Amino acid sequence: MTRSPRRWSIAAVAALGLLAGALSACSADDRVGGTFDTTVNPADCGIANLERASGPVTVVFWHTMVRSNLDWLVATTKAFNDSQDKVKVVLRQQPNYQDLFTKYKAGLASGDLPDLVQAEETVVQQMIDSRSTIPVQACIDATDYDLSDFLPRGLAYYETGGVQRAMPWAISNPVLFYNRVAFERAGLDPDRPPRTLDEVREMSEQIVKSGAAKYGVALKPAPYIYEYLLAKSGGELVDNGNGRRSRAQHANLTSPTSLAIWNWWNEMLDDDLALDTGSDPNNIDHLLALANETEGAAMTFESSSAIGPIDEVLSSGAFPSVKPGTAPLPALTEGGGVPVGDGALWIPRGSDPARRAAAWMFIEYLSEPAQQASMAVAGGYVPTVKGAVSEPALVEHWKAKPIFRVGYDQLLAGELTDANVGTLVGEYQGLRNAVRDGFVRMNRQGQDPDEAAEQAKAEADIVIQEYNDRVGA
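The opening position of the sequence shown corresponds to residue 499 in my numbering, with each subsequent residue numbered one higher.
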């Protein structure tokens with residue numbers, strides 16, 4: 499079965515997306531955030547309890563850091579523990595975000611919960627609905643903590659109803675990766691990567707025609723890539739202001755902006771300009787394609803947190819035909835912004851007040867410019883505070899390897915809107931599964947992109963409603 503040959507006018511649909519984005523632009527204070535409980539009690543933070551503690555208070559921290567990021571966290575935690583005698587942090591590594599959250603949910607019944615937990619952006623609504631954490635706003639108010647140095651978009655994802663629920667910490671966002679060598683071979687300027695999806699197509703045509711690579715771009719049908727393309731194009735993933743004005747009820751997978759992305763993706767594959775690398779979440783074939791001189795591609799999309807591991811591999815000299823470049827994620831139009839991805843820090847309510855305050859003390863330490871800068875150097879995460887970019891270590895790192903800076907600059911770009919502040923939806927993974935399956939049907943089974951999006955929407959709407967029914971929303 500062949501894919502639909504019908505083409506969309508991306509420019510025309512993009513105009514609709516910009517209009518929708520303009521209408522949805524709002525301040526954080528306008529957003530409700532899928533929950534109406536905005537209670538904040540500064541006493542919940544337990545600052546007075548920590549001050550009265552007679553000995554060191556132990557904090558158990560569940561995290562998902564690996565490799566160089568784990569080495570950094572171990573060293574940073576030791577430095578914190580050695581710097582004072584009121585708090586001792588004990589690290590408990592979890593395999594990944596999914597396993598961590600499964601264990602956390604089991605702990606809601608068993609009582610086996612940490613005092614501090616790193617959770618990814620997709621579980622914000624579930625964390626709020628569980629009522630198992632205190633909002634970090636309680637600690638912010640209790641300590642008069644100054645948030646002015648934080649990246650606004652980092653804070654915004656984890657804020658609802660004017661209440662900061664968690665603190666952004668190890669954050670990232672998808673960017674464009676490209677091989678500067680392939681661009682040069684194709685006669686393209688490697689300092690002028692594509693800014694729109696139309697330009698990705700145009701450059702892919704030149705890359706393929708010149709023989710610089712077999713494909714212009716490697717496309718992994720990962721739902722988060724689609725989500726960020728949608729957000730930067732001004733589209734909202736779910737209704738009700740992306741779940742920010744009231745609880746999400748339906749997925750917006752068939753909006754004009756969304757369908758333009760589905761059709762662009764389909765047409766790139768149809769015309770042999772793009773390589774489909776499969777939906778296995780653990781495969782990195784889209785990245786390996788950049789190093790494949792005969793069957794590979796010149797571009798791909800991936801999280802900025804992958805820059806560190808990629809740079810480490812390339813530094814070995816194993817792939818001399820690859821010189822990596824990074825750029826902001828292309829979209830239907832220029833401009834726009836993206837949400838943050840990856841992890842934030844939450845304080846479970848089940849901890850006694852002194853341990854909550856101790857966890858907050860560690861959060862403050864991890865949020866300092868020096869720690870944020872050193873974490874960015876160690877693994878490529880985006881600093882959450884602007885002061886980090888003035889730290890000498892990060893200044894030198896970004897000067898030597900400018901590919902690392904793109905994720906930070908992208909989080910500063912574009913007006914903050916419902917589209918790019920981040921999606922709030924209870925059954926986020928079920929929604930992502932529906933999107934993934936839709937792309938597989940389109941890419942591998944030849945389903946028309948409009949039909950694939952429509953079916954994915956129907957499946958997503960079911961899981962969204964089932965979740966809402968379970969929590970009585």
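Ideal Cβ positions, reconstructed from N, Cα and C, are used throughout, including at glycine.
A quick note: this is a predicted structure, and the numbers were derived from the prediction, not measured.
Following the continuous alpha helix (DSSP H) through Asp737, name the residue where it begins and the one where it ends.
Going by DSSP, Asp737 is part of the alpha helix (DSSP H) stretching over 737-740.
Jot down the residue ranges of each uninterrupted alpha helix (DSSP H) in the segment 672-703, minimum 4 residues, whole runs only, in chain order.
678-683, all fully within the segment 672-703.
Pull up the distance between the alpha-carbon of Ala954 and that of Asn579, whole angstroms please.
About 49 angstroms.
Can you give me the start and stop residues for the beta strand (DSSP E) that Tyr713 sits inside?
Segment 713-717, the beta strand (DSSP E) holding Tyr713.
Would you mind listing the beta strand (DSSP E) stretches within the segment 806-842 that are 3+ residues and don't spill past its ends, in chain order?
Listed in chain order, the complete beta strand (DSSP E) runs (minimum 3 residues) inside the segment 806-842 are 822-825.
What does the Cβ neighbour count give for Glu964, buried or exposed, with the cut at 16 atoms within 10 Å?
Per the 10 Å Cβ criterion, exposed.
Close Cβ partners of Ser849 (< 6 angstroms) along its chain, the five nearest in sequence each way excluded
If we look at Ser849 and ignore the five residues flanking it on each side, its Cβ neighbours are Asp613.
Glu957: which of Val933, Val938, Ala551 sits nearest, CA to CA?
Of Val933, Val938, Ala551, the residue nearest in Cα terms is Val933.
Assign Arg550 to buried or exposed, taking buried as 16 or more other Cβ atoms, counted over all protein chains shown, within 10 Å of its Cβ.
Answer is exposed; the Cβ neighbour count stays below 16.
Can you find a CB in chain E that lies within less than 7 angstroms of the CB of Asp597?
Among the protein chains of the structure shown there is no chain E, as only one such chain exists.
Touch check for the segment 882-900 and the segment 912-920: three-plus C-beta pairs under 8 angstroms?
The segment 882-900, when compared against the segment 912-920, does not touch it at the 8 angstroms Cβ threshold.
Is the distance from the Cβ of Thr658 to the Cβ of Lys718 below 7 angstroms?
Taking 7 angstroms as the Cβ cut-off, Thr658 and Lys718 do not qualify as a contacting pair.
Since Glu657 sits in a beta bridge, which residues does DSSP pair it with?
Its beta-bridge partners are Gln662.
Check whether Thr824 and Val673 have beta carbons under 7 angstroms apart
It is a contact, given that the beta carbons lie within the stated cut-off.
Considering only residues of the segment 874-946, which uninterrupted alpha helix (DSSP H) runs meet the minimum length of 4 residues and lie entirely inside it, listed in chain order?
The qualifying runs are 890-898, 904-910, 926-943.
Please classify Lys730: is it buried, with 16 or more other beta-carbons within 10 angstroms of its beta-carbon, or exposed?
Burial is judged here by how many other beta carbons sit within 10 angstroms of a residue's own beta carbon; Lys730 has at least 16 and is buried.
Whole runs of the alpha helix (DSSP H) within the segment 596-667, excluding any shorter than 4 residues:
As far as the segment 596-667 is concerned, its whole alpha helix (DSSP H) runs of at least 4 residues are 622-628, 635-641, 650-655.
Tell whether a beta-carbon distance below 7 angstroms holds between Arg693 and Pro867.
Going by C-beta atoms, Arg693 is not nearer than 7 angstroms to Pro867.
Who does Trp844 pair with in a DSSP beta bridge?
Beta-bridge pairing by DSSP links Trp844 to Val615.
Beta-carbon within less than 7 angstroms of Ile723's beta-carbon, same chain only, minus the 5 sequence neighbours each way: which residues are those?
In chain order, Pro672, Phe799 place their CB closer than 7 angstroms to the CB of Ile723, counting only its own chain and leaving out the 5 sequence neighbours on each side.
Using the three-state DSSP reduction, which class does Lys586 fall into: helix, strand or coil?
The answer is strand: DSSP assigns Lys586 an E or B state.
Quick check on Gln592: buried or exposed, where buried means 16 or more other Cβ atoms within 10 Å of its Cβ?
Label assigned to Gln592: buried.
Where does the unbroken alpha helix (DSSP H) through Glu800 begin, and where does it stop?
Going by DSSP, Glu800 is part of no alpha helix (DSSP H) but of the beta strand (DSSP E) stretching over 795-801.
Whole angstroms are fine: how far does the CA of Pro688 sit from the CA of Glu682?
Whole-angstrom Cα-Cα distance: 6 angstroms.
Quick check on the burial criterion: 16 or more other C-beta atoms within 10 angstroms. Buried or exposed for Asp959?
By the neighbour-count criterion, in which a residue is buried when 16 or more other Cβ atoms sit within 10 angstroms of its Cβ, Asp959 is buried.
Does DSSP put Gln782 in a helix, a strand or coil?
Just to set this straight, residue 782 is Ile in the shown sequence, not Gln. Of the three classes helix, strand and coil, the one that applies to Ile782 here is coil, per DSSP.
Taking just the CA atoms, how far does Leu735 sit from Ile632?
It is roughly 27 angstroms from the alpha-carbon of Ile632 to the alpha-carbon of Leu735.
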